[in-house]
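Single-structure report; data block below.
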Amino acid sequence: MSNLDMKPPVAACGGRAGVTAEPVREVLEARHMPLGESTVVRRLLPNLGRRMVGAWCFVDHYGPDDIAGEPGMQVPPHPHTGLQTVSWLHDGEVLHRDSLGSLQTVRPRELGLMTAGRAIAHSEESPRDHSRLLHGAQLWVALPDAHRTTAPAFEHHAELPHLAGGGLSATVILGELAGAASPGTTYTPIVGADVTLAAGTEARLPVEPDYEYAALTMSGEAEVDGLRLAPESMVYLGCGRTELPLRADVDSSLMLLGGEPFAERIVVWWNFVGRHHDEIDRARKDWMSGTRFGEVHGYDGPRLEAPPLPPTPLKPR
Ligand code: MN
Numbered sequence: 605m606s607n608l609d610m611k612p613p614v615a616a617c618g619g620r621a622g623v624t625a626e627p628v629r630e631v632l633e634a635r636h637m638p639l640g641e642s643t644v645v646r647r648l649l650p651n652l653g654r655r656m657v658g659a660w661c662f663v664d665h666y667g668p669d670d671i672a673g674e675p676g677m678q679v680p681p682h683p684h685t686g687l688q689t690v691s692w693l694h695d696g697e698v699l700h701r702d703s704l705g706s707l708q709t710v711r712p713r714e715l716g717l718m719t720a721g722r723a724i725a726h727s728e729e730s731p732r733d734h735s736r737l738l739h740g741a742q743l744w745v746a747l748p749d750a751h752r753t754t755a756p757a758f759e760h761h762a763e764l765p766h767l768a769g770g771g772l773s774a775t776v777i778l779g780e781l782a783g784a785a786s787p788g789t790t791y792t793p794i795v796g797a798d799v800t801l802a803a804g805t806e807a808r809l810p811v812e813p814d815y816e817y818a819a820l821t822m823s824g825e826a827e828v829d830g831l832r833l834a835p836e837s838m839v840y841l842g843c844g845r846t847e848l849p850l851r852a853d854v855d856s857s858l859m860l861l862g863g864e865p866f867a868e869r870i871v872v873w874w875n876f877v878g879r880h881h882d883e884i885d886r887a888r889k890d891w892m893s894g895t896r897f898g899e900v901h902g903y904d905g906p907r908l909e910a911p912p913l914p915p916t917p918l919k920p921r
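Position in the sequence shown (first residue = 1) + 604 = this note's numbering.
Set out below in structure tokens:
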């Protein structure tokens with residue numbers, strides 16, 4: 605998915621200043637953002653006062669939307685640098701195309717992981733023949749300096765490790781949770797997991813004290829460390845936990861995101877993650893001039909144009 609905002613705000617994030625060393629429960633409300641003509645997504649990261657959780661730097665939650673007889677998701681070709689995108693579905697399917705020539709349908713509970721590295725372009729669309737419901741999340745992971753110009757790559761993992769017990773089941777999307785590791789390539793200590801709680805479940809999930817965490821509701825209404833997490837919100841949990849208490853009165857599912865606090869300062873603008881203004885400016889110019897990012901073949905429609913840069917230079921913080 606792309607940031608389709610034509611006046612994208614500058615998100616300067618990273619560094620350890622905003623990281624909470626102790627466990628906290630800081631509720632972050634979603635902002636509703638239009639994505640194309642018919643879709644509205646709930647943006648949870650970046651959020652006011654909270655730009656990153658570990659290397660996670662962008663989280664959109666969308667649906668469940670009834671797209672029967674409609675085009676559904678139609679995100680034209682657009683570029684990325686310096687990040688990985690994670691596509692995660694609960695319902696429906698997304699057809700991914702990229703400038704490496706990848707053509708892959710991503711289905712519920714399968715990982716679509718695209719490493720942009722120095723440059724990639726992709727499109728995402730609901731296939732013509734698609735399910736009635738579309739429900740999922742699109743997330744970005746910032747690449748650390750040592751790997752941010754790595755060669756672009758796309759991975760599709762249909763088989764992911766599961767943990768289960770006592771009414772809780774979890775799928776490890778990225779990184780490692782309780783000894784179960786996703787096959788997805790990672791560049792920082794990180795975890796992303798999809799956690800399902802049957803009604804009446806109380807559980808304690810083992811977590812890393814050196815990681816910061818956040819959780820967002822996908823469905824139902826789970827309690828995270830005693831806090832009932834309303835739909836359309838995320839709770840930032842800070843660091844310093846060895847286990848995370850979870851419970852649910854109704855069937856619920858949430859995404860747990862965590863990682864070692866990302867120490868580098870970054871600039872996120874439009875679909876680019878960089879370190880300073882000139883680099884973002886270069887990436888934008890390269891996209892506009894049709895160099896560096898390659899071509900996405902087969903998408904029925906024009907590619908996205910980059911919005912203008914803001915009048916003042918972008919600054920990492
Ligand atoms: Mn994208």
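Beta carbons are placed, not taken as given, at the ideal position from N, Cα and C, and that holds for glycine. For clarity, every value in this text was computed on a predicted model and none was experimentally measured.
- Ser-893 sits in a helix when the DSSP states are folded into three classes.
- Taking the C-beta atoms as reference points, Pro-627 is found no nearer than 8 Å to Leu-908.
- When secondary structure is reduced to three states using DSSP, His-761 falls in the strand class.
- Between Val-657 and Gly-844, the C-beta gap is not smaller than 8 Å, which leaves the two residues out of contact.
- Within the region 646 to 729, there are no complete alpha helix (DSSP H) runs of at least 4 residues.
- Beta bridge pairing from DSSP links Ala-746 with Leu-687.
- DSSP lists Thr-775 as the beta-bridge partner residues of His-766.
- If you look at Ala-807, you'll find it in the beta strand (DSSP E) that goes 805 to 810.
- Nearest to Ala-625 by alpha-carbon distance, out of His-880, Leu-841, Glu-697, is Leu-841.
- Check the Cα spacing between Asp-670 and each of His-684, Thr-643, Val-663, Thr-689: the tightest is with Thr-643.
- When the five nearest sequence neighbours on each side are left out, the beta carbons in the same chain lying within less than 8 Å of the beta carbon of His-751 are those of Gly-721, Tyr-791, in order along the chain.
- In this structure, His-760 has its beta carbon at no less than 7 Å from each heavy atom of ligand 1.
- Between His-766 and Thr-775, the gap from beta carbon to beta carbon is short of 8 Å.
- Around Arg-635, the same chain offers Arg-647 as residues with beta carbons nearer than 6 Å, after the five sequence neighbours per side are excluded.
- For Glu-825, the three-state secondary structure derived from DSSP is coil.
- If you look at Trp-873, you'll find it in the beta strand (DSSP E) that goes 869 to 873.
- Around the beta carbon of Met-677, 16 or more other beta carbons sit within 10 angstroms, so the residue counts as buried.
- With contacts defined by Cβ atoms closer than 8 Å, His-665 and Ala-741 form a contacting pair.
- For Ser-856, the beta-bridge partners assigned by DSSP are Leu-801.
- By a beta-carbon distance limit of 8 Å, Val-631 contacts Ser-837. Their separation comes to about 6 Å.
- Around the beta-carbon of Glu-633, fewer than 16 other beta-carbon atoms lie within 10 Å, marking it exposed.
- By the Cβ neighbour-count rule, Arg-808 is exposed, with fewer than 16 other Cβ atoms within 10 Å of its own.
- In this structure, ligand 1 has a non-hydrogen atom nearer than 7 Å to the beta-carbon of Thr-689.
- The C-beta separation of Val-900 from Asp-702 comes to about 6 Å, placing the pair in contact by the 8 Å criterion.
- Cβ atoms of Val-690 and Leu-743 come within 8 Å of each other, at about 4 Å.
- With a threshold of 16 other beta carbon atoms within 10 Å, Arg-832 falls short and is exposed.
- For His-751, the secondary structure class from DSSP, reduced to helix, strand or coil, is helix.
- In summary, Gly-783 is exposed, with fewer than 16 beta-carbon neighbours lying within 10 Å of its beta-carbon over all protein chains present.
- Look at Glu-909 here: in three-state DSSP terms it is coil, with no helix or strand label.
- Taking 8 Å as the cut-off, the Cβ atoms of Asp-749 and Glu-847 do not count as close.
- According to the DSSP assignment, Val-623 belongs to no beta strand (DSSP E), since it is labelled neither H nor E.
- Partner residues in the beta bridge of Val-644, as assigned by DSSP, are Pro-638.
- Under DSSP, Ser-837 forms a beta bridge with Glu-633.
- At the C-beta level, His-684 and Asn-875 come within 8 Å of one another.
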